[in-house]
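Report on the following structure.
Chains as they are written, first to last, in the numbering used here: chain R, 2 to 99; chain G, 2 to 99; chain F, 71 to 193; chain W, 71 to 193; chain D, -5 to 113; chain X, -5 to 113.
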């Protein structure tokens, strides 16, 4: 399962819900959820912990719009929209944590 | 200042922001924010603490729609829309924590 | 209906009723999907558990009370309703507060169930 | 303009840019209010501080980068920009990360400032 | 006392428009005056005359129009926000008028209180 | 591979419609097929032909119409959600059609993947 999260971790509980419930699978952060991967932020530790169970991706166009490309935590993989399509294709199903 | 909060405390940080920043004044919970006043919920303690600094009101039509009238924490005052109007009129200004 | 084998559809409800329309319009999709003879599950997580609270009275907000629809789901053969235990507990709720029978699951049990789905719609 | 004495208008920005339109359309109100010769303050709290982050590049999302407008505010005599310290710190940000000069305030200093306002608009 | 009202969300999707309407009715019932209701952001979608909600649901747009007809309430839709979202004179419901953002600031200045309803 | 897409928010207010559009373009660029784009909730507001965004901004509705014209993508607007929000044939942009919720469920069944964009 590919878990897609689009909300800031400091604004909504969707990333928390995803990390609490999702047993396995990959996580893709898009839109405001990319803030979750910012080094030194309140969610950085949470994400490092999650990276032990899940492969974690961030959508680069959203990262660049928000000017945080130079401060992502280690262990997350940046992808473009083509990579987003590949990720969806490579997983049996996907779920958006709206 | 009358502080109006309309978001669930477990869904958005707006009540937290209000309680952290507002030094004084009254707080009115409307729409999904009325869940903040539920006895035994994760926010009940926070609200009890806030009640020491602020007068806290809940909008009863929203409380009844959500079926929580019988489980509100002590120290909050229920009002109807007429009471909402009076509260706004009685404070020099109001602020919605959207 | 359109194909021989049913797919597993899961509807994940994470929003409270009335503050937004998602809960109501989600129910509309659930009812339609039942007509397609798919394997339908409903999950209630976070503030979504408030959708099932007994005793909703919406006269004061001049909005339709749609909570009786959850009771009608059985008639549409939608019988798999799951609620996350942690979401209930952090809201001071128990199963007795809910207007329909549900299966209460731990977060990880719910995660396993999700992993088996073909289509997951979250509202 | 419409009355002799200026009112104190405060715009409270609590949302990140691009994920929603609130930040952009809030700026449009700020620019108009400046034309009415009111006493205007802007406050950035919670994810609102991200609006001021240096280096936004929006080509990849095919959306207009409106962050240069914050730099133009001075030309409209909008010079009172406040940022809550706690909001900056919990996002790993410092004043150097911001594209305009701001006053960094503690939560309680911000609360005192708010209490003095006549009109508070939150976006 | 004069109340200004700001509505930032469209009908049905969020409760904001419902809360604002019920608040307006209570303002009038208390003998106060409504200086203006200003619709901004998706709030402009409250003004389309093309809505047709289910029979058993409230008609949010028609309720606003009736408030204007019965009490002369000034319902103003922000022109810039409206153009972005496809609200024009051709689909505007009765009682609404399209005007500039200055009308919101003016309401903030002239009304005794400005109350904001949104997401 | 066949992709179904669900868009739950209107244009401009939330990024959902932008993300969905850029995702669709990438799906086609990768040689995949789009089974259908279904617009639900406020997502139906993506289909009004009356929008007129500022010159320096993207035209979200026109982009969707062009996707339908250039690639034959099926753009379906939920009729119940559309009636609630004032979307009808008279203000529907080219390339969109109004139909029932069954079209969403069918897309979930027939597409290999269903991707949801919303708030």
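Idealized CB from N, CA, C, for every residue including glycine.
DSSP beta-bridge partners for residue i?
i: residue 150(W); result: 111(W)
i: residue 107(X); result: -3(X)
i: residue 19(X); result: DSSP output for residue 19(X) lists no bridge partner at all.
i: residue 56(G); result: 27(G)
i: residue 173(W); result: 152(W)
i: residue 77(G); result: 57(G)
i: residue 83(F); result: 114(F)
i: residue 78(W); result: 109(W)
i: residue 96(G); result: 4(G)
i: residue 86(D); result: 42(D)
Please list, in chain order, all residues of the same chain as residue i whose beta carbon is under 6 Å from its beta carbon, the five residues on each side excluded.
i: residue 172(W); result: 151 and 153
i: residue 79(F); result: 103, 108, 110 and 189
i: residue 71(F); result: Because the pLDDT of residue 71(F) is 43, which lies under 50, any placement of that residue in the model is unreliable, and the question is left without a value.
i: residue 110(D); result: 0
i: residue 156(F); result: 177
i: residue 23(G); result: 4
i: residue 8(D); result: 113
i: residue 183(W); result: none
i: residue 76(G); result: 52
i: residue 36(X); result: 3 and 4
i: residue 87(W); result: 93 and 121
i: residue 187(W); result: 78 and 80
i: residue 27(X); result: -4
i: residue 192(W); result: 82
To which residues of the same chain is residue i closer than 8 Å at the C-beta, ignoring the five residues directly before and after it?
i: residue 92(R); result: 2, 3, 26 and 27
i: residue 106(D); result: -5, -4 and -3
i: residue 98(R); result: 4, 5, 6, 7, 8, 15, 16, 18 and 19
i: residue 73(W); result: At residue 73(W), the pLDDT of 49 sits below 50, so the modelled position is not reliable; the number obtained from the coordinates is stated separately. Closer than 8 Å at Cβ, skipping near neighbours: no residue.
i: residue 145(W); result: none
i: residue 94(X); result: 72, 73 and 74
Which same chain residues end up closer than 7 Å to residue i when comparing Cβ atoms and leaving out the 5 residues on each side of it in sequence?
i: residue 101(D); result: -2, 29, 30, 32 and 108
i: residue 74(R); result: 38, 40, 45, 48 and 49
i: residue 38(D); result: 71, 72, 75, 76, 79 and 81
i: residue 13(X); result: 111
Which two residues bound the contiguous beta strand (DSSP E) that contains residue i?
i: residue 139(F); result: No beta strand (DSSP E) holds residue 139(F); the alpha helix (DSSP H) holding it covers 138 to 142.
i: residue 86(G); result: No beta strand (DSSP E) contains residue 86(G), which is instead part of the alpha helix (DSSP H) from 82 to 91.
i: residue 192(W); result: 189 to 192
i: residue 125(G); result: With chain G covering 2 to 99 only, the question about residue 125(G) has no answer from this structure.
i: residue 11(G); result: It is not in any beta strand (DSSP E) - residue 11(G) carries neither H nor E in the DSSP assignment.
i: residue 3(D); result: Segment: none, residue 3(D) is in no beta strand (DSSP E) and carries neither H nor E.
i: residue 30(D); result: 27 to 33
If you measure from the CB of residue i, is any heavy atom of the ligand ATP nearer than 7 Å?
i: residue 142(W); result: The ligand content of the structure shown is nil, which means the ligand ATP is not present either.
Starting from residue i, trace the alpha helix (DSSP H) both ways and give me its first and last residue.
i: residue 60(D); result: 54 to 65
i: residue 73(X); result: 73 to 79
i: residue 117(R); result: A query on residue 117(R) cannot be resolved here, the shown segment of chain R reaching from 2 to 99 and no further.
Hey, is residue i's beta-carbon within less than 8 Å of any beta-carbon in chain B?
i: residue 1(D); result: Absent here is chain B; the protein component of the structure consists of chains R, G, F, W, D and X.
Check distances from the C-beta atoms of the segment 21 to 32 of chain G to those of chain D and list, in chain order, the residues that come in under 8 Å.
-> 31 and 32
Just by C-beta distance, which residues in the segment 97 to 112 of chain W are closer than 8 Å to chain D?
-> 98, 99, 102, 103, 105, 106 and 108
Going along the segment 88 to 105 of chain X in order, which residues come within less than 8 Å of chain F, judged by CB to CB distance?
-> 94, 95, 96, 98, 99, 100, 102, 103 and 104
Proximal residues, the segment 69 to 92 of chain R versus chain X, C-beta separation under 9 Å = 81, 82, 83, 84, 85, 86, 87, 89, 90 and 92
Cβ pair count under 8 Å reaching 3, the segment 83 to 93 of chain D against the segment 51 to 71 of chain D | yes
Against chain W: residues of the segment 41 to 65 of chain X by CB proximity under 8 Å = 50, 51 and 52
Would you say the segment 112 to 127 of chain W touches the segment 64 to 73 of chain R, given that touching needs at least three Cβ pairs under 8 Å?
-> yes
With a cut-off of 8 Å, do at least 3 Cβ pairs link the segment 51 to 67 of chain G to the segment 127 to 140 of chain F?
-> yes
When you check each C-beta in the segment 13 to 39 of chain X against every C-beta of chain R, which residues fall closer than 8 Å?
-> 13, 16, 17, 19, 20, 21, 23, 24 and 26
Check each residue of the segment 174 to 188 of chain F: if its Cβ is closer than 7 Å to any Cβ of chain R, include it; give the result in chain order.
-> 177, 178, 180, 181, 182, 184, 185, 187 and 188
Of the residues that make up the segment 39 to 66 of chain R, which ones have a beta carbon closer than 8 Å to any beta carbon in chain W?
-> 39, 40, 41, 42, 43, 45, 61, 62, 63, 65 and 66
Give, in chain order, every residue of the segment 128 to 139 of chain W whose Cβ lies closer than 7 Å to some Cβ of chain X.
-> 131, 132, 133 and 134
Quick one, which residues of the segment 69 to 84 of chain D are near chain G if we go by CB-CB under 9 Å, in chain order?
-> none
Contact set between the segment 2 to 19 of chain R and chain G, restricted to residues whose Cβ is under 8 Å from the partner = 11, 12, 13 and 14
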